[in-house]
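Report on the structure given below.
There are 6 protein chains.
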Amino acid sequence: MIYLTRKAEFSSSHFYRNPAWSDEENVRRFGKCANANGHGHNYTLEVTVAGEVDPVTGFVVDLKLLKDILEEQVVSVYDHRHLNYEVPEFKDSIPTTENIAVAIWKRLNGKIPGAALKRVRVYEMPDLFADYYGEQQ
Amino acid sequence: MIYLTRKAEFSSSHFYRNPAWSDEENVRRFGKCANANGHGHNYTLEVTVAGEVDPVTGFVVDLKLLKDILEEQVVSVYDHRHLNYEVPEFKDSIPTTENIAVAIWKRLNGKIPGAALKRVRVYEMPDLFADYYGEQQ
Amino acid sequence: MIYLTRKAEFSSSHFYRNPAWSDEENVRRFGKCANANGHGHNYTLEVTVAGEVDPVTGFVVDLKLLKDILEEQVVSVYDHRHLNYEVPEFKDSIPTTENIAVAIWKRLNGKIPGAALKRVRVYEMPDLFADYYGEQQ
Amino acid sequence: MIYLTRKAEFSSSHFYRNPAWSDEENVRRFGKCANANGHGHNYTLEVTVAGEVDPVTGFVVDLKLLKDILEEQVVSVYDHRHLNYEVPEFKDSIPTTENIAVAIWKRLNGKIPGAALKRVRVYEMPDLFADYYGEQQ
Amino acid sequence: MIYLTRKAEFSSSHFYRNPAWSDEENVRRFGKCANANGHGHNYTLEVTVAGEVDPVTGFVVDLKLLKDILEEQVVSVYDHRHLNYEVPEFKDSIPTTENIAVAIWKRLNGKIPGAALKRVRVYEMPDLFADYYGEQQ
Amino acid sequence: MIYLTRKAEFSSSHFYRNPAWSDEENVRRFGKCANANGHGHNYTLEVTVAGEVDPVTGFVVDLKLLKDILEEQVVSVYDHRHLNYEVPEFKDSIPTTENIAVAIWKRLNGKIPGAALKRVRVYEMPDLFADYYGEQQ
Chain P
88 MIYLTRKAEF SSSHFYRNPA WSDEENVRRF GKCANANGHG HNYTLEVTVA
138 GEVDPVTGFV VDLKLLKDIL EEQVVSVYDH RHLNYEVPEF KDSIPTTENI
188 AVAIWKRLNG KIPGAALKRV RVYEMPDLFA DYYGEQQ
Chain X
88 MIYLTRKAEF SSSHFYRNPA WSDEENVRRF GKCANANGHG HNYTLEVTVA
138 GEVDPVTGFV VDLKLLKDIL EEQVVSVYDH RHLNYEVPEF KDSIPTTENI
188 AVAIWKRLNG KIPGAALKRV RVYEMPDLFA DYYGEQQ
Chain F
88 MIYLTRKAEF SSSHFYRNPA WSDEENVRRF GKCANANGHG HNYTLEVTVA
138 GEVDPVTGFV VDLKLLKDIL EEQVVSVYDH RHLNYEVPEF KDSIPTTENI
188 AVAIWKRLNG KIPGAALKRV RVYEMPDLFA DYYGEQQ
Chain C
88 MIYLTRKAEF SSSHFYRNPA WSDEENVRRF GKCANANGHG HNYTLEVTVA
138 GEVDPVTGFV VDLKLLKDIL EEQVVSVYDH RHLNYEVPEF KDSIPTTENI
188 AVAIWKRLNG KIPGAALKRV RVYEMPDLFA DYYGEQQ
Chain V
88 MIYLTRKAEF SSSHFYRNPA WSDEENVRRF GKCANANGHG HNYTLEVTVA
138 GEVDPVTGFV VDLKLLKDIL EEQVVSVYDH RHLNYEVPEF KDSIPTTENI
188 AVAIWKRLNG KIPGAALKRV RVYEMPDLFA DYYGEQQ
Chain A
88 MIYLTRKAEF SSSHFYRNPA WSDEENVRRF GKCANANGHG HNYTLEVTVA
138 GEVDPVTGFV VDLKLLKDIL EEQVVSVYDH RHLNYEVPEF KDSIPTTENI
188 AVAIWKRLNG KIPGAALKRV RVYEMPDLFA DYYGEQQ
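Chains as they are written, first to last, in our numbering: chain P, 88 to 224; chain X, 88 to 224; chain F, 88 to 224; chain C, 88 to 224; chain V, 88 to 224; chain A, 88 to 224.
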């Protein structure tokens, strides 16, 4: 068993708001992240898959295929988008780094032929990231 | 004469739109950057000043003072803001990396006691940045 | 369960010396790290906590609170300090990267409300780091 | 138990070719990586070992010794070499990132006194890396 | 006048050899870089252009066009190639970092509409790079 | 004319103190940097030289020779040292980033055969650096 990790990037807007709270409560809890015009980040995504090395190719997973899946399932949907307004999973959940990692797991899980999804890591900033390993852990 | 450079960061939203053009023309020229909901970046700012080293302190400029000036003049205005909607200089100019660099120069020039502003560098992404050296160059 | 990691930095001096050894033995074992005037590093700390995502906030842990805890428990004590002379846990243990990671675990464990401390990583240099996962592992 | 990780680098050439396939099939499967003149990378290696901290030294493993082992067992063999033509383990296996990680594990396992080899990570590019944890996992 | 810099990457093989010298002399002068099987690097290219900001677009140069020019003129020719064997300008000159920077300047100069080429920077490794500013400097 | 830049690193201790001031004044002016036990950094040095490319070697300067000069003139003197106590030029000047850059210029200028020293850049932290171009600029 070997683990392969590929990175991708997307640049998106978001803000933090719980609609059950008043504007004042949102600012008190989320500070400047509550600004409803949104702010943005260069997100970095690391996707880790695991499997046996195919002795014919030396690959766990075809790199081009993995890149295409990340592009189709995640980057084309998130990049240059406002996460709150344009990405369906954030209509009802706040696009925190934690929730973005879980959402990307759901988008990718079961879509990568021949390898198991093991970890989704999302960096919002170089000094802050979330890891999700699926429900088993 | 010695040059001192200090970095700062801000996370902002923006989009590219020329109001003189139709929506179609904006998309044709700016691609996905024209999305009016905005997208965002972790911008990195590098500000370079120059002067003689003060023999009493060993400094060109007091580092704490320089940090405070960057915070007050730039970061507090741009960070966690939507540049098009909330920063006055981008009411009438498109917040491209080039225009952001020029706007930051105007905000900082003449505000740093005892040292001359020499360069403003703005990274929109790690692989794209603009440098402005003022009008003299 | 999701894992959240936040980075912090501190710039400190240290040296390696076992008081049970002669000066010659310390130099033989620790090389230039034994220099009693000390040398220094920009340390990078990565702290990983885990927990359930709060559906109300989208957070495992409040980011501002986590940052304040790292500042209060670690950065304010270690930054711009000589670890051997000014940080109590290194009176009797050598401030190697390994020992620093364990010491920071002890400083943080049990102090983060609502989330479990999972890993402390300390980089002494970009090419050398130690990970501590607590006693259970 | 604490984990210590040390990085090393090597700059090598390689290409991807399965000798059981025609030239056309190799290009179809491996794209530009099949070019038999080879292309190259600055590889980054991260080696993680684990053990108890020696109370006398504060080390899991002597850093100088670990560096020397990486140099002798890996860097001196791989660096400035064409992996397909000059490194014996790639006579019969394709030097993919996955296979390189496994090969380095075999070179290092059992060679590090007093500490257990836990992980070998190989970056081929900053956005692609493989992790190998040995057969037990 | 404002300066815009865009990065690109290519992964290539090369070696250093002066055909006027014996094998021994090549090894004596170039060390392990003389190995005729080649070794390789992840090269990073930074191209800087300068011009006035177009008030209609906010751009010095259209970013998509600049990216396409770098791809067409440099990356498609150098990436996943053996520079000595497959890139014409290195038939008669050694592909050192210095010579690669000059060669890329010649490939790009005059090809970027509306902006002046100002600098070509080539990183062979993160700790070594060459800058070429054209003949005027 | 082409410019070649090579990086090196050193890990050192320092503190800021003007002996003409009281302890209180030193703290007031230099804050936590005035702590006389010292603190430390992983400094990164970038040295830029310029010259014509030698058509026989493709080099501005022999890379091994340049590395050896940096090692001998700077790294062996500064690395794992307390700059205030152990490096002669800081007996009478405060080891600020600015003064370190000037001191390294003086150590290197005239020592690099066949190439002109053009710039010394010293990073104290990733977000703070000083550039010195010699007296002519």
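Quick reminder that beta carbons are idealized off the backbone N, C-alpha and C, glycines included.
Cβ separation of residue i and residue j, assumed to be a contact under 8 Å, to the nearest whole Å
{"i": "residue 153/C", "j": "residue 206/C", "result": "The pair is not a contact, with the Cβ atoms about 14 Å apart (cut-off 8 Å)."}
{"i": "residue 128/V", "j": "residue 211/V", "result": "5 Å"}
{"i": "residue 160/X", "j": "residue 194/X", "result": "5 Å"}
{"i": "residue 151/A", "j": "residue 118/V", "result": "7 Å"}
{"i": "residue 209/X", "j": "residue 191/X", "result": "7 Å"}
{"i": "residue 183/A", "j": "residue 181/V", "result": "Wrong, their Cβ atoms sit about 41 Å apart, outside the cutoff."}
{"i": "residue 95/P", "j": "residue 132/P", "result": "5 Å"}
{"i": "residue 173/F", "j": "residue 186/A", "result": "So it is not a contact: roughly 25 Å between Cβ atoms."}
{"i": "residue 169/A", "j": "residue 99/A", "result": "7 Å"}
{"i": "residue 121/F", "j": "residue 91/C", "result": "Contact doesn't hold; Cβ gap of about 19 Å is too wide."}
{"i": "residue 88/V", "j": "residue 139/V", "result": "6 Å"}
{"i": "residue 219/P", "j": "residue 189/P", "result": "5 Å"}
Residue i beta carbon near the ligand ADP (any heavy atom closer than 6 Å)
{"i": "residue 199/V", "result": "Among the components modelled here there is no ligand, and therefore nothing to report on the ligand ADP."}
Residue interval of the alpha helix (DSSP H) (run including residue i)
{"i": "residue 202/P", "result": "Looking at the DSSP string, residue 202/P is not in any alpha helix (DSSP H), and its letter there is neither H nor E."}
{"i": "residue 184/V", "result": "184-195"}
Boundaries (first-last residue) of the beta strand (DSSP E) holding residue i
{"i": "residue 214/X", "result": "That residue, residue 214/X, is in no beta strand (DSSP E); it is neither H nor E in DSSP."}
Per DSSP, the bridge partner or partners of residue i
{"i": "residue 90/X", "result": "137/X, 218/A"}
What runs of the alpha helix (DSSP H), each 4 residues or longer, lie entirely inside the stretch 92-127 of chain P?
-> 110-117
Give the residues from the stretch 130-157 of chain X that approach chain V closer than 7 Å (Cβ to any Cβ), ordered along the chain.
-> none
Taking Cβ-Cβ distances below 7 Å as the criterion, which residues of the stretch 171-188 of chain F are in contact with chain A?
-> 172, 173
Can you give, in chain order, each stretch of the alpha helix (DSSP H) that sits fully within the stretch 126-179 of chain V and has at least 4 residues?
-> 150-157, 170-173
Within 7 Å of chain A by C-beta, residues of the stretch 208-224 of chain V in sequence order | 214, 215, 216, 217, 218, 219, 224
Using a Cβ cut-off of 7 Å, which residues of the stretch 91-104 of chain V contact any Cβ in chain C, in chain order?
-> 98, 99, 100
Near-chain F residues of the stretch 106-131 of chain A (beta-carbon distance less than 7 Å), N- to C-terminal order = 119, 120, 122, 124, 125, 126, 127, 128, 129
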